[in-house]
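Accompanying notes for the structure given below.
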Amino acid sequence: MGEVDEAFVQALEHRPKLSVTEAEGIPLIDLSALSAANTNIKNPDSTIRDLVVDIGNACKNWGFFQVINHGVPSDKRRSLENMARKFFEQPLEEKRKVRRDEKKVVGYYDTEHTKNVRDWKEVFDFVVKSPCLMPASSDPEDKEIAETYNQWPDYPPEFREVCEEYAKEVEKLAYKLMELIALSLGLPPDSFNGFFKDQTTFVRLNHYPPCPAPHLALGVGRHKDAGALTVLAQDDVGGLEVKRKSDGEWVRVKPTPDAYIINVGDIIQVWSNDAYESVEHRVMVNSEKERFSIPFFFFPSHYTMVKPLDELTNEQNPAKYRAYSWGKFLTTRKGSNFKKLDVENVQIYHFRVQELADKLERALSINSK
Ligand code: OGA
Ligand code: NI
Numbered sequence: 126m127g128e129v130d131e132a133f134v135q136a137l138e139h140r141p142k143l144s145v146t147e148a149e150g151i152p153l154i155d156l157s158a159l160s161a162a163n164t165n166i167k168n169p170d171s172t173i174r175d176l177v178v179d180i181g182n183a184c185k186n187w188g189f190f191q192v193i194n195h196g197v198p199s200d201k202r203r204s205l206e207n208m209a210r211k212f213f214e215q216p217l218e219e220k221r222k223v224r225r226d227e228k229k230v231v232g233y234y235d236t237e238h239t240k241n242v243r244d245w246k247e248v249f250d251f252v253v254k255s256p257c258l259m260p261a262s263s264d265p266e267d268k269e270i271a272e273t274y275n276q277w278p279d280y281p282p283e284f285r286e287v288c289e290e291y292a293k294e295v296e297k298l299a300y301k302l303m304e305l306i307a308l309s310l311g312l313p314p315d316s317f318n319g320f321f322k323d324q325t326t327f328v329r330l331n332h333y334p335p336c337p338a339p340h341l342a343l344g345v346g347r348h349k350d351a352g353a354l355t356v357l358a359q360d361d362v363g364g365l366e367v368k369r370k371s372d373g374e375w376v377r378v379k380p381t382p383d384a385y386i387i388n389v390g391d392i393i394q395v396w397s398n399d400a401y402e403s404v405e406h407r408v409m410v411n412s413e414k415e416r417f418s419i420p421f422f423f424f425p426s427h428y429t430m431v432k433p434l435d436e437l438t439n440e441q442n443p444a445k446y447r448a449y450s451w452g453k454f455l456t457t458r459k460g461s462n463f464k465k466l467d468v469e470n471v472q473i474y475h476f477r478v479q480e481l482a483d484k485l486e487r488a489l490s491i492n493s494k
């Protein structure tokens, strides 16, 4: 192979095609109706009702969409993009001063693995609500709760302030989107708000350096986002690809200046009992240009037991998932993203009712042999 370390090389079937499909793209949704002076989401007028229909269709058919006129001031985003560029330009030993490790769960690191293949990227993570409360370990019996504090670098100055201001703005957008999604499922708009009281949300600054072997490695391997919703800012380089639901093709998300890319995460899939599915995506790298992106991962409180909402299940449509603890799910994931594992990472389908029934059946048939 020679060109990149073997740890980065994707299995044949997961390597990207260098010719890009930019066929029918993900929906583009204009949120200006939300900021109109007389908007009242509790008593939606016809423009809001149209918007809700569009959001519902985008969630159902794509799991991904872009929003414009979203209310996040573009200068806040520009400032953070500049900070990210300056931070990542530093020598590795400087960045490693705020390195993430098994104890400090946020900060800088460059060794993330997705499905056991190393990603061609470096990242800086910070939590939006600090301290962030999370289980101290992934052991289900261990009830200890740990407090996570952010690690802020000395350089660039104002890094912390810019990060915090940005997060505050995007958080408002995330709540608005959850309200629209609730309405689209026929629920009161504030149905999800309570889950985020002690949110475990974090923001990630992603830097994808140019890669000598973009046909072998990926910036982020194929995955689904584990949280409720992701609100992603990407720069103008491009590289994000989404697995289109209609035909399973990987399609490129074309950068739209100042837009946000929104995707449904695993938690909305479970809450909606599969009405809205979390969709696989990945990031291609290229040999010439570096790329930056900033996802905001909207995560509920650690003590949330994630399960299909009662209002969305009934005898004809019984709950497809057993309840699982978000905090334990997250700590299990965080621990395993560090290193190559021999076992598969925890996934929501492990909590599928059918999956559990099959397992039980297998266990029983083994025991009776
Ligand atoms: C992620 C992700 C996409 C991108 O970090 O989970 O999907 O464009 N990032 O960086
Ligand atoms: Ni993702």
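Residue numbers (my numbering): 126 to 494.
Every residue, glycine too, gets a C-beta built ideally from N, C-alpha and C.
Keep in mind it's a predicted model, so treat the numbers as computed, not measured.
Counting only the Cα atoms, S157 lies some 36 angstroms from F454. For A271, the uninterrupted beta strand (DSSP E) run begins and ends at I270 to T273, by DSSP. Secondary structure at P314: helix, using DSSP grouped into helix, strand and coil. The nearest non-hydrogen atom of the ligand NI is 7 angstroms or more from the C-beta of D483.
Scanning its chain for C-beta atoms nearer than 8 angstroms, with the 5 sequence neighbours on each side dropped, one finds around T438 the residues N398 and A444, in chain order. Residue nearest to F190 within the set Q324, E131, D130 and I306 is I306 (criterion: CA-CA distance).
Taken in chain order, the complete beta strand (DSSP E) segments of 3 residues or longer contained in the stretch 302 to 370 are 327 to 333, 345 to 348, 354 to 359 and 365 to 368.
Taken from the Cβ of T326, every heavy atom of the ligand NI lies 7 angstroms or farther away. A distance below 8 angstroms between beta-carbons, with the five flanking residues on each side excluded, links R347 to the following residues of its chain, in chain order: H139, T239, K240, K368, E405, H406 and R407. Of the candidates D264, Y446, Y274 and D244, Y274 places its Cα closest to the Cα of C257.
Taking 7 angstroms as the cut-off, the C-beta of H406 counts as close to a heavy atom of the ligand NI.
When DSSP reads this structure, H238 sits in a beta bridge with R243. Cβ contact annotation for T457 (same chain, cutoff 7 angstroms, sequence separation greater than five): S263 and V471, in chain order. Of K142, E413 and D315, the smallest CA-CA separation from P335 is found for E413. Its chain contains G232, Y233 and Y234 as the residues whose beta carbon lies nearer than 7 angstroms to that of R224, once the 5 sequence neighbours on both sides are disregarded; these appear in chain order. The continuous beta strand (DSSP E) containing Q191 extends over residues F189 to I193. The beta carbon of T438 sits no closer than 7 angstroms to any heavy atom of the ligand NI. When secondary structure is reduced to three states using DSSP, H406 falls in the strand class. In the three-state DSSP reduction, F424 falls in the coil class, being neither helix nor strand.
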